[in-house]
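> Chains as they are written, first to last, in the working numbering: chain A, 1 to 356; chain B, 1 to 313; chain C, 1 to 309; chain D, 1 to 338. All C-beta atoms, glycine included, are put in the ideal place defined by N, C-alpha and C.
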Amino acid sequence: MTDPLLAIDDLHVHFHTEEGTVEALDGVDLEVYGDEVVGVIGESGCGKTVTMLSVMGLLQSPPAEVVGGSIRYDGRDLLTCSESELNEIRGEEISMIYQDPMTSLNPVLTVGRQVSEVLLAHRDISKRDARERSVEMLDACGLADPERLMDEYPHSLSGGMRQRVMIAMALVTEPNLLIADEPTTALDVTIQAQVMEVLRELRSDHEVSIVFITHDLPLVSEIADRIAVMYAGTVAETCSVERLFDRPLHPYTRKLTESIPKLDQPATRLPSIDGTVPSLVDPPDGCRFASRCPQFIGEECRSVTPALTDVSGTGRHEVACHLYTDVSEASPPWPVDDEDRTAQQPTAETDDGGRR
Amino acid sequence: MLKYIIRRLLVMVPVVLGVTVVISTLIYLSPGNPAQIALGQNANPEAVARLEQQMGLNKPPHLRYVDWLTQALQGNLGRSLETGTPVTDLIVERLPATLELAFASLAIMLVIALPLGVVSAVRQYSWVDNASMLFAIFWLSMPSFWLALILLLLFAVHWDFFPISGRAGALLSVTALSYLVLPAIANGARRAGLLTRMMRSSMLEILNKDYIRTAKGKGIGQRSVIYSHGMRNAMIPIVTLLGLQVPSLISSSVIVEVVFAWPGMGRLLVDAVLRRDYPVVQGVTLMYAVIVIVANLLVDIAYSYLDPQISYD
Amino acid sequence: MSDLQEGRSGRPNRSDESTTQSPDEETQLPSRRRKVAGRLIRNRLALLGSGIVLALVLTALFAPYIAPYDPVEQDYAALEQPPSLEHPFGTDTLGRDVFSRVVFGAKYAVFLGLVIVGFEMLLGVTLGLVAGYYGGMVESVIMRVVDVALSIPGVVLALAIAGMLGGGLIPLVIAISLVGWRGFTRLVRGDVKGVMEEEYIDAAKGAGVSDARLIVQHILPNVASSIIVYATLTIPTVILWAAGLSFLGMGVSPPTPEWGALIANGRGEIDDAWWISTFPGLAIMVTVIGFNVLGDGLRDALDPRQSEL
Amino acid sequence: MSTQERTTDTDGERPDDPIVRVHELEKHFPIKGGILQRTVGHVRAVDGVSFDIQTGETLGLVGESGCGKSTLGRTMARLEEATSGSVEFDGRDVTTASKRELKAIRRNVQMIFQDPASSLNPRMTVSQIITEPMRSLTDWSKSKREDRLYQLIEEVGLSKAHLSRAPHEFSGGQQQRVAIARALSVNPQFVIADEPTSALDVSVQADILNLLKDLQDEYDLTYLFISHDLSVVRHISDRVMVMYLGEVAEIAPTERLFDAPKHPYTRALLSSIPRASAGAMDDRIVLEGTVPSPEDPPDGCRFHPRCQEYIGEVCERTDPEVEPVDGRADHVCACHHY
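#1: Taking only the alpha-carbon atoms, compute the straight-line gap between V21 of chain B and Y65 of chain B and give it to the nearest angstrom.
#2: The alpha helix (DSSP H) spanning C315 of chain D covers which residue range?
#3: Tell me the DSSP bridge mates of L224 of chain D?
#4: Can you name the residues that DSSP bridges to M241 of chain D?
#5: Is DSSP giving M199 of chain B helix, strand or coil here?
#6: Hey, is the segment 276-285 of chain C in contact with the segment 138-145 of chain B, meaning 3+ C-beta pairs nearer than 8 Å?
#7: In whole angstroms, what separates the C-alpha of V191 of chain D from that of L280 of chain A?
#8: According to DSSP, is N57 of chain B part of a helix, a strand, or is it coil?
#9: Would you mind working out which of D:D90, D:K144, D:D201 and D:A161 sits nearest G172 of chain D, comparing C-alpha positions?
#10: Would you mind sorting I311 of chain D into buried or exposed? The rule is 16 or more other CB atoms within 10 Å of its CB.
#11: Please list, in chain order, the residues of the segment 104-119 of chain A that have any C-beta partner in chain B closer than 9 Å.
#12: Do three or more CB pairs link the segment 176-195 of chain C to the segment 126-139 of chain C at distances below 8 Å?
#13: Within the segment 119-161 of chain B, note down every full alpha helix (DSSP H) run reaching 4 residues or more, in order along the chain.
#14: Could you confirm whether any beta carbon from chain C is found closer than 8 Å to the beta carbon of V119 of chain B?
#15: In whole angstroms, what separates the C-alpha of G56 of chain D from that of S237 of chain D?
#16: Against chain C, with Cβ distances strictly below 8 Å, would W68 of chain B count as a contact?
#17: Going by beta-carbon coordinates alone, are A273 of chain C and E80 of chain C separated by less than 8 Å?
#18: Taking Cβ positions, are C335 of chain D and P274 of chain D nearer each other than 8 Å?
#19: To be precise: take each residue of the segment 187-205 of chain C, compare its Cβ to all Cβ atoms of chain D, and keep it if any distance is under 8 Å. Which residues remain?
#20: Indicate whether at least one CB of chain B lies closer than 8 Å to the CB of E207 of chain A.
#21: Run the CB neighbour count on Q21 of chain C, radius 10 Å, all protein chains shown included, and call it buried at 16 or more, exposed below.
#22: When you compare each of C:G183, C:A160, C:F291 and C:R267 to G251 of chain C by their alpha carbons, which one comes out closest?
#23: DSSP state of K209 of chain B, grouped into three classes?
#24: Using a Cβ-Cβ cut-off of 8 Å (strictly less than) and excluding sequence neighbours within five positions of S209 of chain A, which residues of its own chain qualify?
#25: Out of curiosity, what's the CA-to-CA distance linking R316 of chain A and I227 of chain A?
#26: With 16 as the cutoff for other CB atoms within 10 Å, does P133 of chain D come out buried or exposed?
#27: The beta strand (DSSP E) with S204 of chain A in it runs from where to where?
#28: What does the alpha-carbon distance come out to for the pair L171 of chain A and E132 of chain A?
#29: Applying a beta-carbon distance threshold of less than 8 Å, which residues of chain C neighbour L113 of chain D?
#30: Could you check where the beta strand (DSSP E) with E26 of chain D kicks off and where it finishes?
#31: In chain order, what residues of the same chain lie with their CB nearer than 8 Å to the CB of L245 of chain C, ignoring the 5 residues before and after it?
#32: Is the CB of A268 of chain D under 8 Å away from at least one CB in chain A?
#33: For the candidate residues C:V286, C:L150, C:S277 and C:I201, whose alpha-carbon lies nearest to that of G243 of chain B?
#34: From the DSSP output, which residues share a beta bridge with L25 of chain A?
#35: Distance, Cα to Cα, A261 of chain B vs V273 of chain B?
#36: Identify which residue in C:G297, C:D271 and C:D300 has its Cα closest to the Cα of W159 of chain B.
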């Protein structure tokens with residue numbers, strides 16, 4: 001296997017607040033390979049956005065502080081880069097689109113200025129060429145009448161259009177890695193479908209790896225090859241989309257997938273997770289899910305932090321849980337009725353199940 | 001845009017009318033008989049009565065107001081009880097000095113406050129920030145009339161850098177300028193302190209916006225982030241706040257004019273109030289209100305240029 | 001175990017969040033009041049501000065015990081004496097002890113600041129609540145009045161009012177109060193509009209709560225902290241205004257040791273006897289700094305959203 | 001469990017016993033403009049909507065932002081004044097009720113809001129919040145109110161120890177439980193829930209949905225459940241109503257709406273929902289453009305500019321009536337296709 005494009009290793013981030021030090025990230029490991037879409041999923045406050053902002057060097061410090069770990073992109077450790085070195089990478093090699101398109105565009109600058117600005121900053125290119133290139137990109141993002149749009153201000157655009165502008169802005173320099181932070185959460189479903197369509201098309205046209213952050217499991221399964229499930233500042237499990245639905249190994253992953261109301265399943269009582277996410281100010285030792293875990297197996301869970309380990313023998317399914325000591329093809333302690341589950345959760349066994 | 005200005009002008013009309021009603025009511029409620037004041041304490045009662053008749057003082061208040069307003073609309077604000085000079089002439093004579101002082105103070109405010117505020121915000125909690133915030137607190141706590149006296153004492157009396165008081169005509173020479181320096185500082189210092197703090201907090205707020213994060217994420221460099229993306233947004237609330245500062249800028253200029261014997265409307269007003277010269281008080285107050293209203297109009301227009309989200313209709 | 005839980009058909013009496021919350025965790029949540037106090041104490045400047053304000057109030061209360069001389073007693077044997085051990089701030093043209101006069105001036109500053117801001121609040125907050133809550137015509141009328149009032153620069157209006165009423169303490173209070181209420185009205189009206197957007201107001205309406213109760217129970221407590229902050233920051237402005245008007249001869253009349261009047265008193269002697277004007281001015285400045293930094297601290301602690309005034 | 005009702009629903013033989021009848025309801029908001037700031041137009045947030053809600057059922061109301069679903073809910077609770085039309089609750093018209101009548105109606109019609117943090121007054125304690133409707137709407141004695149309070153707090157899954165706390169000390173899920181307790185304190189018959197779970201995480205959402213179902217069974221509640229999330233609506237509703245630009249597009253029993261949607265908009269909406277299945281995206285209908293402004297809705301069928309099944313000029317000219325489809329009284333749709 002080739003080297004990963006992005007390798008986050010044992011990342012620890014703390015926030016210094018009035019209530020105390022919030023241990024927002026506690027040893028996050030994540031790898032993104034070339035031309036791969038990785039979905040990062042988790043509930044609010046689990047650290048998915050913080051992880052990606054650390055990659056971009058966009059964490060506000062103070063209050064945030066990276067206290068340990070490394071983020072290697074293409075051989076360089078981003079955490080030790082200077083601001084100007086980072087500026088050569090940001091926007092050029094790694095781009096990011098954000099959750100709220102209403103607030104992520106500058107209200108007093110025209111769309112054209114904001115899109116072409118990225119090119120002008122990173123390329124030795126004339127203003128006219130930058131404009132031309134920007135128009136092409138807006139067009140590629142499915143925006144009608146891109147020439148006129150260039151001179152519009154963001155406030156006259158709908159949410160869906162703004163998010164397309166954001167995508168155009170992120171991809172105009174043809175970066176290697178795109179980080180999409182809940183890019184459709186603020187949008188309606190029909191608009192979400194449009195934006196996802198644009199993302200899928202662009203992905204097949206440009207060779208770009210995508211990290212797709214979301215709390216919406218079905219949504220990410222439409223586009224991702226691999227999923228990382230985060231819980232309370234740690235990565236609980238990473239595996240392919242199919243495995244996630246067929247054979248989730250971490251008790252949290254299983255609970256999470258079950259608690260989502262599903263369209264293709266008859267309405268029954270929704271299973272929920274007892275308890276609450278532990279406070280990240282002075283969090284408990286051991287596994288952070290221990291207090292809510294239905295598979296709690298004893299003192300080990302409370303005292304030893306489980307490491308993210310490969311359990312498939314192929315490196316494609318990792319889980320951080322004390323249940324699994326056997327590293328080759330672990331099986332979960334709950335009944336896995338593959339046939340039944342597939343009927344409820346028809347997932348593709350083929351490669352194009354995630355993307356088209 | 002034109003439509004917008006027209007609408008703003010139309011909105012001004014009732015406000016100006018309201019101001020005239022307030023002033024006229026105040027004057028009406030004031031003790032003392034203007035006719036008596038005009039003729040002096042020892043005047044012949046018959047002459048006083050005749051003058052009262054002439055001035056329309058025996059009419060009911062609303063008719064007196066209508067009379068005054070009709071005259072005012074024709075540019076006639078009455079005559080000073082003290083000297084008999086038309087109030088309009090007095091105002092025209094004093095207005096340039098007042099405006100000159102106001103603009104000079106404004107210039108001092110902007111030149112000091114804007115850069116200081118931006119630097120403080122960009123380097124929050126640094127020594128620059130701490131120093132400029134202490135600087136701001138210091139100036140904004142200083143009574144302007146007292147500052148005026150201290151400046152006089154140090155720079156005019158003690159060191160003799162600047163003339164003590166008065167004004168040497170329009171701003172065309174070094175001499176004229178030297179008369180302006182101290183009053184302008186005395187008038188602008190407190191508001192420069194205020195403005196520094198406002199600029200800092202406005203800039204800080206903008207720097208926390210999502211679109212600033214977007215801009216940083218584009219790798220365009222800190223300079224572009226601050227100037228292209230930050231400054232213009234930060235100026236939008238500042239322009240509004242500047243508009244709100246105009247009345248208080250004028251307020252303090254009244255006192256500063258008295259201290260430096262600056263021949264503006266402020267001194268005219270204070271003298272008129274002390275001598276109960278009602279037509280002058282009425283006229284000058286109205287003029288001040290008009291200045292404030294016009295300033296607000298200008299601010300609104302500037303605002304709509306800065307913020308593309310404002311629609312003009 | 002897990003299967004049992006899922007199969008559970010009864011009501012989820014066990015709360016999702018509460019079950020694991022141990023009593024220890026509960027006590028860790030500091031109360032709002034303690035948080036505010038904590039933030040105030042951590043802010044050293046605010047602490048300094050409270051110290052200054054406390055000192056001012058104590059000086060005002062115990063002026064007769066602090067001042068070494070009678071503030072109005074004239075001493076022709078000691079005219080215009082520079083600061084010395086005997087007269088720490090020197091004496092004025094009539095031989096009065098400037099230090100004693102400044103000490104007694106604190107009484108006026110505190111009195112004027114509190115009383116005037118009290119009146120302004122009463123008038124301004126009431127109008128702001130009414131305008132913000134009822135909206136429509138009532139609001140338009142009130143806000144047009146505010147527009148008119150705001151068009152006349154404060155000192156100009158106060159001069160006109162004070163001129164009409166003649167000099168003295170009471171006219172001074174009335175003049176400044178009539179000028180300052182409009183700031184409270186604007187602030188409160190805006191805040192009330194903001195609070196009215198909150199869903200708990202809809203919820204209260206849906207619960208059949210009366211208008212009066214809605215204003216007193218739901219709206220006022222939620223705008224109170226910004227009113228407190230604004231009031232604290234208005235006190236120094238009022239003190240400056242009162243001093244300014246007195247300086248112009250429109251406020252408290254000469255023998256009374258009001259700070260603005262004291263400065264006016266020394267104005268003519270600024271080149272021979274700088275101390276007569278300088279010390280009262282310093283007193284004003286320190287007082288104003290005290291209230292300002294206290295107000296800033298209160299704002300940070302109570303109402304971090306409120307922007308600079 | 002509501003399985004009993006569900007089976008009868010799908011058969012379309014539910015006894016016709018509406019507790020709420022909404023007839024031609026309109027809510028227009030004026031737009032100010034021009035030199036004199038006169039009213040120059042109207043946002044037609046809700047534009048002629050009629051439907052019934054049967055006693056004991058849950059009617060799900062779905063639509064995208066700006067379709068008027070929240071305004072409809074708020075107008076039904078008289079938090080907005082209706083422009084025209086009527087909302088009859090138990091035979092009484094809510095839109096024209098006097099202050100006193102309204103109090104009687106409000107005892108029976110309560111609302112749960114979207115943002116739990118904003119729907120609880122931060123300066124009140126939980127017990128003050130929950131007792132408030134009882135104080136204003138009932139003449140219950142203090143001890144009766146307290147009994148009810150203690151009963152409710154347990155029922156929604158909190159404890160007495162929570163009563164003296166302020167809302168900000170709770171998590172979002174717990175706050176929504178408090179809001180539910182407040183709504184149920186006066187024993188209402190009908191509850192309007194406006195996106196009650198959209199601000200919550202999925203695992204907490206599951207808890208709240210379960211709680212709402214349990215309480216419905218216990219108190220025979222009727223729900224109007226407003227949401228933009230079709231999966232949630234499917235989970236909780238007996239019938240579903242789809243709105244588009246202030247109008248009703250389709251109303252049908254839940255199973256039927258999801259199995260055999262008629263209106264092209266409903267179908268596009270359904271196909272837009274992400275689902276974790278392979279074939280899901282093959283037949284996805286991706287609508288063009290965005291929802292037009294409700295200030296100036298298109299003539300004819302409001303959906304026609306985006307419709308994938310546009311059939312001709314009739315769509316542009318005539319606004320389709322809401323009519324039964326497939327000969328079923330319980331499935332209505334506003335489309336020229338049928």
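Based on what the coordinates show:
#1: 8 Å
#2: E313 to R317
#3: D:L59 and D:I192
#4: D:L61 and D:I251
#5: helix
#6: yes
#7: 36 Å
#8: According to the sequence provided, residue 57 of chain B is Leu. The question's Asn does not apply to it. Correct three-state label for L57 of chain B: coil.
#9: D:D201
#10: exposed
#11: S104, L105, N106, P107, V108, L109, T110, R113, Q114, E117 and V118
#12: yes
#13: 127-140 and 144-151
#14: no
#15: 11 Å
#16: no
#17: yes
#18: no
#19: E198, E199, Y200, D202, A203, A204 and K205
#20: no
#21: For Q21 of chain C, the predicted structure reports a pLDDT of 32, less than 50, and the residue's modelled location is therefore unreliable. A value from the coordinates is still provided. Buried, since its Cβ has 16 or more Cβ neighbours within 10 Å.
#22: C:A160
#23: coil
#24: L5, L6, V32, Y33, G34, D35, E36, V37, V38, N176, L177 and L178
#25: 10 Å
#26: buried
#27: Segment V189 to D205 is the alpha helix (DSSP H) holding S204 of chain A; no beta strand (DSSP E) there.
#28: 15 Å
#29: Sequence inspection shows Phe at residue 113 of chain D; the Leu mentioned does not correspond to that position. Per Cβ cutoff of 8 Å: E199, D202 and A203.
#30: P18 to G33
#31: V155, A158, L159, A162, L172, A175, I176, G251 and G260
#32: yes
#33: C:L150
#34: A:V13
#35: 16 Å
#36: C:D271
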